[in-house]
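Residue numbers for the sequence shown follow this note's numbering, beginning at 44 and rising by one.
By construction, the Cβ of each residue, glycine as well, lies at the ideal position given by its N, Cα and C atoms.
Since we're looking at a predicted model, the values are computed, not measured.
This report refers to the structure that appears directly beneath it.
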Amino acid sequence: MRFTPVPRLPLAAMLVLTALPLAHAGDMAAPPWADLRDVHLDTAPRTDAERARIADVTALPQTFDTPWRFEENTAGAQTVRARTTPDAFSQPAENLTFAQELDFRVGNGLFRRLWVSPPASTLASDGLGPLYNARSCQRCHLKDGRGHPPEGPDDSAVSMFLRISVPAASPQEVAAFIDGTHPTAPDPTYGTQLQDFSLPGHAPEYRLEVTYDEVTVPLSGGQSASLRQPTYRAADLGYGPLTAGAMLSPRVAPQMIGMGLLEAIPAQDILRLADPDDTDDDGISGRAQVVWSDVHDQPMLGRFGLKAGNPTVMDQVASAFAGDIGISNPIHRAGSGDCTDAQTDCTAALHGGDPEQGGLEIDQQGLDLVTFYSRTLGVPARRDVDDPQVLAGRRVFFDSGCATCHRPNHVTHRLKGENPASFQLIWPYTDLLLHDMGPGLADNRPEGRADGTEWRTAPLWGVGLTEKVSGHTNFLHDGRARSLLEAVLWHGGEAQSARDRVVQMPPEDRAALIRFLESL
Numbered sequence: 044m045r046f047t048p049v050p051r052l053p054l055a056a057m058l059v060l061t062a063l064p065l066a067h068a069g070d071m072a073a074p075p076w077a078d079l080r081d082v083h084l085d086t087a088p089r090t091d092a093e094r095a096r097i098a099d100v101t102a103l104p105q106t107f108d109t110p111w112r113f114e115e116n117t118a119g120a121q122t123v124r125a126r127t128t129p130d131a132f133s134q135p136a137e138n139l140t141f142a143q144e145l146d147f148r149v150g151n152g153l154f155r156r157l158w159v160s161p162p163a164s165t166l167a168s169d170g171l172g173p174l175y176n177a178r179s180c181q182r183c184h185l186k187d188g189r190g191h192p193p194e195g196p197d198d199s200a201v202s203m204f205l206r207i208s209v210p211a212a213s214p215q216e217v218a219a220f221i222d223g224t225h226p227t228a229p230d231p232t233y234g235t236q237l238q239d240f241s242l243p244g245h246a247p248e249y250r251l252e253v254t255y256d257e258v259t260v261p262l263s264g265g266q267s268a269s270l271r272q273p274t275y276r277a278a279d280l281g282y283g284p285l286t287a288g289a290m291l292s293p294r295v296a297p298q299m300i301g302m303g304l305l306e307a308i309p310a311q312d313i314l315r316l317a318d319p320d321d322t323d324d325d326g327i328s329g330r331a332q333v334v335w336s337d338v339h340d341q342p343m344l345g346r347f348g349l350k351a352g353n354p355t356v357m358d359q360v361a362s363a364f365a366g367d368i369g370i371s372n373p374i375h376r377a378g379s380g381d382c383t384d385a386q387t388d389c390t391a392a393l394h395g396g397d398p399e400q401g402g403l404e405i406d407q408q409g410l411d412l413v414t415f416y417s418r419t420l421g422v423p424a425r426r427d428v429d430d431p432q433v434l435a436g437r438r439v440f441f442d443s444g445c446a447t448c449h450r451p452n453h454v455t456h457r458l459k460g461e462n463p464a465s466f467q468l469i470w471p472y473t474d475l476l477l478h479d480m481g482p483g484l485a486d487n488r489p490e491g492r493a494d495g496t497e498w499r500t501a502p503l504w505g506v507g508l509t510e511k512v513s514g515h516t517n518f519l520h521d522g523r524a525r526s527l528l529e530a531v532l533w534h535g536g537e538a539q540s541a542r543d544r545v546v547q548m549p550p551e552d553r554a555a556l557i558r559f560l561e562s563l
C-alpha cells in the first residue's frame with residue numbers, strides 16, 4: 044500500500060542556514076575544535092547569497108499563536124506521514140529514489156537478521172557472540188524505537204546493558220588520545236560493555252539487576268509526581284570480580300529515526316552553539332564532544348550515542364555489531380567481539396568469518412547497507428501543530444528555557460550527488476552538545492571529553508509516538524522516567540532552572556507543555 048506523501052518543502056526552505064539566533068555566537072572566541080571538518084560528507088560550500096536568502100526564509104516568527112512555516116515537516120523532504128501503528132518509525136524517508144529504497148529494504152533485512160552461532164550452512168548468518176547482548180539489531184531497537192529497562196523478573200534486559208570502563212593512569216594510555224579526553228580504559232576482564240547472553244559452553248558476563256526507590260516531587264496546584272531512583276548491580280559475574288575502580292553506566296537502546304539528518308548538520312553550526320565557559324552567563328555551558336573515528340582514522344565531532352561517543356552513523360553501526368552482537372566487520376575485525384585477552388575460551392572460540400567476505404562476519408557491502416538503512420529511516424510528521432493547547436505548550440517550552448539546549452531547528456549541508464539528507468530544514472530539538480545534567484542523572488563514568496554528569500542533548504522528534512512504537516513511555520538514558528513529565532523533573536545541572544519553572548508553573552501550563560512534547 045502506498046500512502047500519500049507529506050508535501051515537500053519549497054527549495055528555499057530546504058537550504059542552508061536557519062536564522063534562529065545562535066545561543067552562544069557573537070564575540071565568543073573560536074572553540075578549540077573550530078577546525079573540525081565533516082570528512083564523512085561530500086559537501087558543497089554555501090555562498091553568501093544563499094545564506095542571506097535562506098536566513099530570511101527560515102527565520103522563526105516571533106508569534107506563538109499560530110504554527111510556524113514548515114514545522115509540521117519535521118525532517119524536511121524526508122518527513123513521512125505520522126502513523127499511529129507500531130511501524131511509525133520504520134518507514135523509508137519520503138525522498139529516496141527507487142534504487143535507494145531497494146537498498147533501504149535490503150539494509151532492513153540485515154538489521155532484522157537473527158545471527159546464529161558458527162558454523163552454519165547459511166552464508167553470512169553465523170558469527171554470533173560468543174558473548175552478546177542481542178541476536179540482531181532489531182532485538183534492541185524493536186520497531187526502530189526505544190529500549191527499556193527490565194520490568195520484573197520475567198523481563199529480560201535485551202534492550203539495555205551496562206557500559207564499563209576503568210580509570211587509566213594517564214591520558215596518554217588512551218587509544219587515539221584527544222586533548223581533553225578523560226583517561227579511561229576498558230576493563231581488563233570485561234572490556235567496554237557487559238554482555239548478558241552467551242553461546243553454549245561460554246558463561247555470560249553478568250545478570251543485570253535493577254531496583255528502584257520512589258521519590259515524591261511536590262508540584263504547584265497541589266499536584267505531585269513520583270520519580271523512581273534506580274540502583275544497578277552487575278550480579279552473577281561470570282569471569283571474576285570487576286577491576287577496582289570499574290565504572291558502570293546503564294544504557295537503553297535509543298530510537299533510530301533521523302540519524303542521517305543529524306549526521307549532515309554542519310559541524311561548524313554545532314560548534315558555534317557551544318559555550319563551555321558560559322561566557323554569556325545564562326547558566327548553559329554546552330560543550331562539543333570530540334571523539335576518534337575508527338572509520339576515518341581522525342578526531343571528529345561526536346554526534347551519536349547517549350554521550351555522543353560516535354561521530355558518524357557508520358562508526359555507530361560498526362561498534363554496535365562488534366559490541367552488542369559480536370559480529371566482526373571491516374572496522375572492528377575481531378571475531379570475538381568485545382571479548383578480552385582474559386577471556387581465553389571466548390577469544391579461542393570458532394568464529395563465523397567467511398572467505399567470501401574477507402574473513403569477516405559482515406563485509407563492507409553489508410555494513411554499508413545497514414548504515415544506509417539507519418541513515419534513511421523517515422521521521423514522522425508533527426501532529427496537531429495548530430491545536431491551541433499545543434501552541435500554548437510551545438510557548439511554555441521556550442519561556443521555560445528548554446529550547447536553549449533542545450534547539451528546535453537546523454539545516455543540513457548542501458551535499459553532492461543524490462544524498463537524501465542534502466539541504467533539509469529539520470526540527471530535531473537538539474543542539475547535539477554535552478550538558479551537565481546534575482547529580483540526579485549522573486552515571487559518574489566519563490566517556491571521551493564528557494564527564495560523569497554530562498549527556499548529549501537528546502533529540503525530541505518522534506518522542507510523542509514512543510508508546511505507539513515501543514509499547515511504553517520510558518525515557519532518559521536508562522529508561523527510569525515513566526512519562527515525559529518524569530523525564531523533565533529529572534533534569535538538573537544546567538537544566539535546573541528550567542526544571543524548577545516547570546515545577547512552579549500553573550498546572551494548566553505544565554499540561555500544555557506535555558501536550559506540546561507529545562506533538563513532536
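Status (buried if at least 16 other CB within 10 Å, exposed otherwise) for residue i
i: V258; result: exposed
i: T578; result: In the structure as shown, the chain begins at 44 and stops at 563. Residue 578 is therefore absent and cannot be evaluated.
i: T109; result: exposed
i: R80; result: exposed
i: R276; result: exposed
i: D70; result: Confidence in D70 is poor, its pLDDT being 33 and thus under 50, which makes the residue's placement unreliable; the coordinate value appears in the next sentence. D70 should be labelled exposed.
i: Y255; result: exposed
i: D486; result: buried
i: D429; result: exposed
i: P231; result: exposed
i: L393; result: exposed
i: G409; result: buried
i: A541; result: buried
i: Q298; result: buried
i: E399; result: exposed
i: L105; result: Checking the sequence, you will find Gln at residue 105 rather than Leu. Exposed, by the Cβ-count rule.
i: Q359; result: buried
i: A68; result: Low confidence applies here, because A68 scores a pLDDT of 34, under 50, leaving its location unreliable and the question unanswered by this model.
Residue i and residue j closer than 8 Å at C-beta
i: G421; j: V123; result: yes
i: G188; j: S513; result: yes
i: T117; j: A424; result: yes
i: A536; j: T496; result: Per the sequence shown, the amino acid found at residue 536 is Gly instead of Ala. Contact: yes.
i: H184; j: N517; result: no
i: V334; j: N353; result: yes
i: A530; j: A524; result: yes
i: F147; j: L157; result: no
i: T127; j: K511; result: yes
i: D85; j: G507; result: no
i: Q134; j: Q467; result: no
i: S362; j: L403; result: no
i: C448; j: G348; result: no
i: L503; j: L458; result: no
i: F204; j: R294; result: yes
i: L291; j: R346; result: no
i: T224; j: G491; result: yes
i: H463; j: A136; result: The residue asked about is misnamed: residue 463 is Pro in this sequence, not His. It is a contact, given that the beta carbons lie within the stated cut-off.
i: L412; j: G150; result: yes
Assumed close pair residue i, residue j - CB separation to whole angstroms, cut-off 8 Å
i: S465; j: T455; result: 7 Å
i: P210; j: P229; result: The pair is not a contact, with the Cβ atoms about 12 Å apart (cut-off 8 Å).
i: D388; j: G366; result: 19 Å between Cβ atoms; not a contact.
i: Q341; j: P373; result: With a Cβ gap of about 17 Å, Q341 and P373 do not count as contacting.
i: S208; j: R488; result: 6 Å
i: R438; j: F107; result: 4 Å
i: G303; j: R418; result: 3 Å
i: H6; j: V82; result: Absent from the structure is residue 6, since the part of the chain shown begins at 44 and ends at 563.
i: L477; j: K350; result: 7 Å
i: E248; j: L237; result: 5 Å
i: G378; j: D169; result: Wrong, their Cβ atoms sit about 11 Å apart, outside the cutoff.
i: L519; j: L556; result: Contact flag wrong, Cβ pair sits at about 17 Å.
i: V356; j: T414; result: 5 Å
i: A200; j: R426; result: About 32 Å; that fails the 8 Å criterion.
Item to complete: Check whether the region 139 to 149 touches the region 202 to 214, taking contact to mean three or more Cβ pairs, one atom from each stretch, closer than 8 Å.
Response: no
Practice prompt. Counting only runs of 3+ residues fully inside the region 402 to 483, write out the beta strand (DSSP E) ranges in chain order.
Written response: 477 to 479
Worksheet item: Would you call the region 262 to 270 and the region 540 to 557 in contact, with 3 or more CB pairs under 8 Å?
Response: yes
Discussion item. What ranges does the alpha helix (DSSP H) occupy inside the region 509 to 538, keeping only unbroken runs of at least 4 residues that lie completely in it?
Written reply: 509 to 513 and 527 to 532
Discussion item. Can you confirm whether the region 162 to 178 touches the region 240 to 250 when touching is taken to mean that 3 or more C-beta pairs between the two stretches lie within less than 8 Å?
Written reply: yes
Discussion item. Restricting to runs no shorter than 4 residues, where is the alpha helix (DSSP H) found entirely within the region 105 to 163?
Written reply: 141 to 155
Discussion item. When you compare the region 312 to 323 with the region 279 to 286, are there three or more beta-carbon pairs, one atom per stretch, that lie closer than 8 Å?
Written reply: no
Discussion item. Could you tell me which whole beta strand (DSSP E) segments of length 3 or greater appear in the region 325 to 376?
Written reply: 333 to 336 and 341 to 344
Item to complete: Pick out the complete beta strand (DSSP E) segments inside the region 199 to 274, 3 residues or longer, and give them in chain order.
Response: 203 to 210 and 250 to 261
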